[in-house]
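Enquirer:
What follows is the structure, given as C-alpha cells:
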C-alpha cells in the first residue's frame, strides 16, 4: 500500500517546514470561513492539518490506484474515433476517483464547491499525481483554466463554470497555440466577432491543444480586426460543444493518456473573459505563472518516479557477484540523482510559495481597495514579489524540466539494456519527461523570460543577506563557495554587458541564468541543512557540483566559445 | 428511501506483519500489528452508500471494539456515512461470535428504523464468517450471505446475486434483510477531502474522557456538549446504554474457549514424482485419501 505522500521523506520534510502563514490567513479571511463551512479550518495549525490530510488522500490514490493503471493508460492511450475523443479506461477511472475524493477543484473557493487549497499545496498534489501517471496531470492540472475565470471573469461566469470543475463534471483546456503561433503567441489569428446583440463567436483553428476535447475551453482569439500583435487579442470562455470540431489528435512520443487535439471553431458562441485586448498581455501572462509551475511539478513527479525505479533496480540487479548498487560508479549516479531531486524540490516549493503569496496579496489589495483602505505597504511588497515571480518561475521551469530529462536519462542508463525494453517502467518515464521542457514555453524561452531579472540582479539583496548570515551545522564553508559563484556570475555579467553584442548576449543568457540559479538553490539547501543533518550531504554535493559547473559556464562565456555565432552559415554549410 | 446499518470492524493488519507478532504463549500480540479497517466491511459500506445514492436514505455505521476503534468510524464518516456508533465497554472484552452478535443485534434494535444491515463476509483476524449470520438470526430477519451484487431493490424486497460453489444464485428476499458481502465486488470509494477536513476531529465519549484525564481544566459534560454542537460527537453505546445482561456479554457470554494455539510451519519434507498415467493418478488419489487430505 504505497502512499506517495507519506513514503517520500523529503516531501515530508519540506511539508513540515512550509511557512504558509500569510497565504493561509488571506485565503481564509482570518478563519472567518469556518463559520460558514464545516470543512474550513479554524486556525493555521488546523489548516496545515487539513492540507496534510488532503495530500495523504492524493498520495493514497496516486500510489495505490493511478500508478497501477499507468502502464495500461500508456499502452492504450487516448483515442480518436468518429470525431470524438475517448480517454483510456484507466484515465476515466482515475478522473472518477479524484472527483469522488473532491480533488478536481482543489484551488477554488468553497462557495463554488472547491477546497480553497493554497497553490503551494496544489503543486504538491500535481507532483504526486505525476509520479504515478504524468499524462493524468494534463487533465488534473488544468484546474488553472478555472483559475483564470476565477480571477478575471465576472461573478456570473464564476457561478456558471466553476462548480462543474469542482464536481468533476467539467475538464478544461486552454486553447492558445495555432499552426503559426507557437512560442510566438502574438501571431494568433483565430477570429472573434460579435453579432448585433453583442454575442461573441469564435472562428478558426487551434493546434496542439492539450485536452482540447475538454468541456470548457479558454480561447485566445483576435477580437480587434486589423491588429497584428498581442494587443489585439482577447480571452474567451466557451463550451466544447458541437461547433468545436476535434479534427485529429496527435500521435505522441509520451504522455499517451493526454489527448492533444487540433480544434476547429465553427462560429462557436463564447463569452469574453475580462477586458478586450488584455487576452495575451495580461491573462495569458498571469496564467503562465501557474501553468509553468504545474509543468515543473509534473517534471518533479516524473523525476521522483525515475529515481525510485533506478534505486530499486540497482539494489535488485546483481552483476560481478554483488548488487550494482554497491558499485561506486552506479552509487555516484544515484547520489547525483537524489541531490538533483531534492534541490529541484526545494526550488519548486519555494517558487510556488512566492507565486502563492503574490496572488494572495493581489486579492488582499483588491479587497482593501474596495473597502477604501490604504494598501501602500502591501503594494510595495507585491511589486517585489512580482519581480521575484517573474524571474523565478521560468528558472524553476528551466531547472526542473531539464532536470527531469537528466534524471530519467540516468535512470534508464542504470537499468542497462533492460531499461530500453517496454516491459520496464523507466522507458515510459523517459518519454513522458521529454515534453516537459518543451510545452508551456521551451527551455530556451524560459531563459529569455528569466534573463532580464538575472541581469537586473533581482535577488541581489537576498543574496547579500544570506552572505552576512552565520550558518551553523557544518555548512559555513559552503557559503564561501556560493560567494565565489556569485563573484563568477558578476564577472561574467560584466563581460557580457561590456561586449554590447545582442547575439552574444542571447547565447550567453543560458550560462548567466544557470549561474544565478546555483546561488539561489544553494542558499535554499543551506537553510534546509541547518534544520536537518542529512541535508548537509545534499547541500555539499549541490554546491560543489555547482561551483564546478559555474567555472564551466564562465569559461563558455569568456573564452570566446560563442564568438563563432557570427559564422553560423559557414559552419552549417 | 432505504436506511442501512453497516457493521464494521477494526482488525490487525495481517498482510503487513513486522516484528515479533506471536507471543511466547501462542497468542497474537496486537500491539505489534497496525490496526486497519477490515476490507470486506469497507466494501459493505460502499454498497450501502451506493443504495443511498440511488434511492435515498441514511447510512449508519456501527462497530464493537475498544475505544481505538473510533478510528475506523471516522473513516466511515470520511467515506460518507451519515451517522456512526461506537459500541464499547470493558465488559464486552473477550467476546466470541455469540456474544459479539448478541451485542451488535441489540445495538441494531436500539438504533432501529432500517431496511438493510450490511457486513463483510468475515474479518481477517478471526475468519469465522459467523457474526453476520448470527446477528441476522438474533434480529429474526432473513440473510443473504456471500453477496456479489444487488440487482434490484423495491419497497417489498431485494434481488441479489450470491456466490455459491462453482457458480452463483440469484435470490429474492423480503426487507429488512442482512447481507454479508464479498471483497472484490465493488471498489470502496476514496475518502472525500471535504469530509476528512470536516470530521477529522470527530471523537467518541471515550476519546473525550481521555482528554479530560489528561487535562484537569476540561469537563466531560462541556466537551460532550461542544462536540455534539459541532456535529463531531461519535455516539457511544455501552452495556448500560443497551441495558444488557452482563452474562451474555464479553468473555462471560462466550462459550468458545481457545484450547490450544499452535504455530504451524508448513514445509515440504520430500518430493514424489507422479507419472501422468491413469494408474499413477489412481495411486496418488488413494494415498491422499489415506492421509485424510481428500475425502
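Protein chains in written order, with our numbering: chain A, 216 to 788; chain B, 998 to 1292. For each residue, glycine too, the CB sits at the ideal point set by N, CA and C.
I want to know whether the stretch 1090 to 1104 of chain B touches the stretch 1139 to 1156 of chain B - three or more CB-CB distances under 8 Å.
Expert: The stretch 1090 to 1104 of chain B is not in contact with the stretch 1139 to 1156 of chain B.
Enquirer: Please report the Cβ distance between residue 1135(B) and residue 1153(B), rounded to the nearest whole angstrom; I am assuming they are in contact, meaning their Cβ atoms lie under 8 Å.
Expert: Residue numbering aside, residue 1135(B) sits at position 138 when the second chain is read from its first letter. Residue numbering aside, residue 1153(B) sits at position 156 when the second chain is read from its first letter. Not really, about 23 Å apart at Cβ, beyond 8 Å.
Enquirer: What's the gap between the Cα of residue 1196(B) and the Cα of residue 225(A)?
Expert: Locating residue 1196(B) in the second chain gives position 199, counting from the first residue. Locating residue 225(A) in the first chain gives position 10, counting from the first residue. About 28 Å.
Enquirer: Scan the stretch 603 to 636 of chain A for residues whose Cβ lies nearer than 9 Å to a Cβ of chain B and list them as they occur along the chain.
Expert: Cβ contacts with chain B come from no residue of the stretch 603 to 636 of chain A.
Enquirer: What's the call for residue 1085(B), buried or exposed, on a 16-neighbour Cβ count within 10 Å?
Expert: One-based indexing of the second chain puts residue 1085(B) at position 88. Buried, since its Cβ has 16 or more Cβ neighbours within 10 Å.
Enquirer: Give me the Cα-Cα distance between residue 463(A) and residue 320(A), rounded to the nearest whole angstrom.
Expert: Position 248 of the first chain, counted from the start, is the residue given in the question as residue 463(A). Position 105 of the first chain, counted from the start, is the residue given in the question as residue 320(A). Taking the straight line joining both Cα atoms gives about 28 Å.
Enquirer: Determine the DSSP secondary structure at residue 321(A), reduced to helix, strand or coil.
Expert: Start at 1 with the first residue of the first chain, and residue 321(A) comes out as number 106. Here residue 321(A) sits in coil by DSSP.
Enquirer: Can you give me the Cβ contacts of residue 1165(B) inside the same chain, cut-off strictly under 8 Å, excluding the 5 residues immediately before and after it?
Expert: One-based indexing of the second chain puts residue 1165(B) at position 168. 1145, 1158 and 1159, listed in sequence order.
Enquirer: For residue 1243(B), which residues in chain A fall below 9 Å Cβ to Cβ?
Expert: Along the second chain, read from residue 1 onward, the residue named residue 1243(B) stands at position 246. Within 9 Å Cβ-Cβ: nothing; residue 1243(B) doesn't reach chain A, min ~39 Å.
Enquirer: Could you name the residues of the same chain whose beta carbon sits closer than 8 Å to that of residue 635(A), not counting the 5 residues immediately before and after it, in chain order?
Expert: On the first chain, position 420 is the one that residue 635(A) refers to. Excluding residues within five positions, the ones whose Cβ falls inside 8 Å are 627 and 642.
Enquirer: To the nearest angstrom, how far is the alpha carbon of residue 725(A) from that of residue 582(A)?
Expert: Sequence index remark: in the first chain, residue 725(A) carries index 510 (1-based). Sequence index remark: in the first chain, residue 582(A) carries index 367 (1-based). Each residue's Cα considered, the two are about 40 Å apart.
Enquirer: Can you tell me where the beta strand (DSSP E) holding residue 1291(B) begins and where it ends?
Expert: Counted from its first residue, the second chain places residue 1291(B) at position 294. Run containing residue 1291(B): none; DSSP gives neither H nor E here.
Enquirer: Check for me: the alpha helix (DSSP H) holding residue 335(A) runs from which residue to which?
Expert: Position 120 of the first chain holds residue 335(A). Segment 334 to 347, the alpha helix (DSSP H) holding residue 335(A).
Enquirer: If we cut at 8 Å on Cβ distances, does residue 641(A) have a partner in chain B?
Expert: Residue numbering aside, residue 641(A) sits at position 426 when the first chain is read from its first letter. Chain B, which has no Cβ nearer than 8 Å to the Cβ of residue 641(A), makes this no.
Enquirer: Mind checking whether residue 1138(B) and residue 1104(B) have CB atoms under 8 Å apart?
Expert: Numbered from its first residue, the second chain carries residue 1138(B) at position 141. Numbered from its first residue, the second chain carries residue 1104(B) at position 107. Against a cut-off of 8 Å, the Cβ pair of residue 1104(B) and residue 1138(B) comes out as no contact.
Enquirer: What number of angstroms, rounded off, separates the C-alpha of residue 380(A) from the C-alpha of residue 323(A)?
Expert: Walking along the first chain from the start, residue 380(A) turns up at place 165. Walking along the first chain from the start, residue 323(A) turns up at place 108. Their backbone Cα atoms lie some 9 Å apart in a straight line.
Enquirer: Count the other CB atoms, across all protein chains shown, that sit within 10 Å of the CB of residue 256(A); report buried if there are 16 or more and exposed otherwise.
Expert: Numbered from 1 along the first chain, position 41 holds the residue referred to as residue 256(A). The residue is buried, with at least 16 neighbouring Cβ atoms inside 10 Å.
Enquirer: Please tell me whether residue 264(A) has its Cβ less than 8 Å away from any Cβ of chain B.
Expert: Translated into positions along the first chain, residue 264(A) becomes position 49. With 8 Å as the cut-off, residue 264(A) counts as an interface residue toward chain B.
Enquirer: Measuring only the C-alpha atoms, how far is residue 254(A) from residue 1034(B)?
Expert: In the first chain, counting from the first residue as 1, residue 254(A) sits at position 39. In the second chain, counting from the first residue as 1, residue 1034(B) sits at position 37. Approximately 24 Å between the Cα atoms of the pair.
Enquirer: Taking residue 348(A) and residue 281(A) to be in contact with their CB atoms under 8 Å, please state how far apart those CB atoms are, rounded to whole angstroms.
Expert: In the first chain, counting from the first residue as 1, residue 348(A) sits at position 133. In the first chain, counting from the first residue as 1, residue 281(A) sits at position 66. Indeed they touch by this definition, with Cβ atoms about 5 Å apart.
Enquirer: What does a CB cutoff of less than 7 Å around residue 1120(B) pick up in its chain, not counting 5 residues either side in sequence?
Expert: Locating residue 1120(B) in the second chain gives position 123, where the first residue counts as 1. Excluding residues within five positions, the ones whose Cβ falls inside 7 Å are 1006, 1008 and 1035.
Enquirer: If we require 4 or more residues per run, which alpha helix (DSSP H) segments fall completely within the stretch 1163 to 1197 of chain B?
Expert: Runs found: 1190 to 1196.
Enquirer: Let me see if you follow: with CB-CB separation under 8 Å, is residue 1071(B) close to chain A or not?
Expert: Sequence index remark: in the second chain, residue 1071(B) carries index 74 (1-based). No, residue 1071(B) lies away from the interface with chain A (no Cβ there is under 8 Å from its Cβ).
Enquirer: Can you list the alpha helix (DSSP H) stretches of 4 or more residues lying completely in the stretch 248 to 321 of chain A, in chain order?
Expert: Counting only runs of 4 or more, we get 259 to 276, 282 to 291 and 304 to 315.
Enquirer: Looking at C-beta atoms only, is the number of pairs between the stretch 525 to 541 of chain A and the stretch 295 to 314 of chain A that lie closer than 8 Å three or more?
Expert: Touching, no.
Enquirer: Who are the neighbours of residue 1194(B) on chain A, taking C-beta pairs under 7 Å?
Expert: Numbered from 1 along the second chain, position 197 holds the residue referred to as residue 1194(B). The contacting residues are 254, 265 and 268.
Enquirer: Please report the Cβ distance between residue 529(A) and residue 545(A), rounded to the nearest whole angstrom; I am assuming they are in contact, meaning their Cβ atoms lie under 8 Å.
Expert: As a first step, residue 529(A) is located in the first chain; it is residue number 314 there, counting from the start. As a first step, residue 545(A) is located in the first chain; it is residue number 330 there, counting from the start. 6 Å between Cβ atoms; contact.
Enquirer: 8 Å is my cut-off, CB to CB: does residue 1232(B) come that close to chain A?
Expert: Within the second chain, residue 1232(B) is the residue found at index 235, counting from 1. Chain A, which has no Cβ nearer than 8 Å to the Cβ of residue 1232(B), makes this no.
Enquirer: What's the call for residue 1276(B), buried or exposed, on a 16-neighbour Cβ count within 10 Å?
Expert: Locating residue 1276(B) in the second chain gives position 279, counting from the first residue. With fewer than 16 Cβ atoms within 10 Å of its Cβ, residue 1276(B) is classed as exposed.
Enquirer: Are any of the Cβ atoms in chain B nearer than 8 Å to that of residue 317(A)?
Expert: Mapped onto the first chain, residue 317(A) falls at position 102. Taking Cβ atoms only, chain B reaches closer than 8 Å to residue 317(A), which makes this a yes.
Enquirer: Could you check whether the Cβ of residue 338(A) sits closer than 8 Å to any Cβ belonging to chain B?
Expert: Reading the first chain from its first residue, position 123 is the one you call residue 338(A). For residue 338(A), the answer is no, since every Cβ of chain B falls outside 8 Å of its Cβ.
Enquirer: Anyone know if the C-beta pair for residue 549(A) and residue 526(A) falls short of 8 Å?
Expert: Translated into the one-based positions of the first chain, residue 549(A) becomes position 334. Translated into the one-based positions of the first chain, residue 526(A) becomes position 311. Yes. Within cutoff.
Enquirer: Whole angstroms are fine: how far does the CA of residue 1110(B) sit from the CA of residue 512(A)?
Expert: Numbered from its first residue, the first chain carries residue 512(A) at position 297. Numbered from its first residue, the second chain carries residue 1110(B) at position 113. If you take the alpha carbons of residue 512(A) and residue 1110(B), they lie about 50 Å apart.
Enquirer: For residue 316(A), which residues from the same chain have a beta carbon less than 7 Å from its beta carbon, with the 5 sequence-adjacent residues on both sides left out?
Expert: As a position in the first chain, residue 316(A) is number 101, starting the count at 1. Closer than 7 Å at Cβ, skipping near neighbours: 272 and 276.
Enquirer: Report all residues from its chain with a CB closer than 8 Å to the CB of residue 482(A); omit the five preceding and five following residues, and keep chain order.
Expert: By 1-based counting over the first chain, the position of residue 482(A) is 267. Counting only Cβ-Cβ distances below 8 Å, and skipping sequence neighbours, we find 416, 417, 418 and 458.
Enquirer: Along the stretch 1175 to 1202 of chain B, where does the CB come closer than 9 Å to a CB of chain A? Name the residues.
Expert: From the stretch 1175 to 1202 of chain B, only 1184, 1186, 1187, 1188, 1189, 1190, 1191, 1192, 1193, 1194, 1195, 1196, 1197 and 1198 have a Cβ closer than 9 Å to chain A.
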